[in-house]
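Everything on this sheet refers to the single structure shown next.
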Amino acid sequence: MTRVVLDTNVLVSALLSNGAPAAVVDLVTERRIILFYNDNIIAEYWDVLQRAKFDIRSQRVTRLINAIVKNGISAENALTSAIPMPDEDDRKFYDVAKASSAFLITGNLKHFPKEPFIVNPSSFLKLYYLNEQ
Numbered sequence: 009m010t011r012v013v014l015d016t017n018v019l020v021s022a023l024l025s026n027g028a029p030a031a032v033v034d035l036v037t038e039r040r041i042i043l044f045y046n047d048n049i050i051a052e053y054w055d056v057l058q059r060a061k062f063d064i065r066s067q068r069v070t071r072l073i074n075a076i077v078k079n080g081i082s083a084e085n086a087l088t089s090a091i092p093m094p095d096e097d098d099r100k101f102y103d104v105a106k107a108s109s110a111f112l113i114t115g116n117l118k119h120f121p122k123e124p125f126i127v128n129p130s131s132f133l134k135l136y137y138l139n140e141q
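If you're matching positions, the sequence shown starts at 9 in my numbering and goes up one per residue.
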């Protein structure tokens with residue numbers, strides 16, 4: 009089964025509108041792909057998704073994060089990488105994806121090194137459905 013790590017911006021976009029990010033989150037909640045996370049990622053999800061500027065109902069946030077924890081896999085043993093990162097706050101996503109042999113799906117490719125496992129939601133969906141056939 010396909011393994012993924014979701015950058016927080018994918019969850020924000022999925023909860024605010026339809027489109028590729030929402031389709032990726034649907035694959036997670038339908039258990040068609042496996043999401044990997046660690047405590048630092050979950051903490052960021054809670055922090056960002058509850059910000060007033062997004063105006064996302066707390067019930068939706070709670071339901072989504074509970075589904076992620078219930079259906080996903082914790083990767084607490086991911087080692088901290090030494091690779092230079094444009095945004096150090098995003099290292100946790102990179103490290104969990106690398107340790108889990110997962111795609112890192114982000115709307116901010118410029119925040120990460122250029123590596124083939126780091127993709128935006130649209131590119132991931134193309135790869136996913138191409139491999140499903």
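Just so you know, even glycine gets a beta-carbon here, dropped at the ideal spot from N, CA and C. Predicted model, so just to flag it, every value in this text is computed and none were measured.
> Which residue spans inside the region 28-70 form an unbroken beta strand (DSSP E) run of at least 3?
Replying inline: Counting only unbroken stretches of 3 or more residues, the beta strand (DSSP E) elements lying wholly within the region 28-70 are 42-45, in sequence order.
> Gln67: which of Lys61, Ala31, Lys78 and Trp54 sits nearest, CA to CA?
Replying inline: Nearest option by C-alpha distance: Trp54.
> Between which two residues does the beta strand (DSSP E) harbouring Phe111 extend?
Replying inline: In this chain, the beta strand (DSSP E) harbouring Phe111 covers Phe111 to Ile113.
> In the structure shown, what three-state DSSP assignment does Ile91 receive?
Replying inline: Coil at Ile91, not helix or strand.
> According to the neighbour-count rule (16 or more other Cβ atoms, all chains shown, within 10 Å of its Cβ), is Thr70 buried or exposed?
Replying inline: Label assigned to Thr70: exposed.
>> Quick check on DSSP: helix, strand or coil for Ser82?
In response: Ser82: strand per DSSP, three-state reduction.
> Mind checking whether Val77 and Ile42 have CB atoms under 8 Å apart?
Replying inline: Val77 places its beta carbon 8 Å or farther from that of Ile42.
> Taking just the CA atoms, how far does Pro129 sit from Asn17?
Replying inline: Approximately 10 Å, taken between the alpha carbons.
>> Just to confirm the assignment, what range does the alpha helix (DSSP H) spanning Leu19 have?
In response: In the DSSP annotation of this structure, the continuous segment of the alpha helix (DSSP H) that includes Leu19 starts and ends at Thr16 to Leu24.
>> Quick test of your reading: Thr114 and Asp47, contact by CB under 8 Å. State the CB separation rounded to the nearest angstrom.
In response: With a beta-carbon spacing of about 20 Å, Thr114 and Asp47 fall beyond the 8 Å limit used to define contacts.
> Which residues share a DSSP beta bridge with Ile126?
Replying inline: According to DSSP, residue pairing for Ile126 in a beta bridge involves Leu112.
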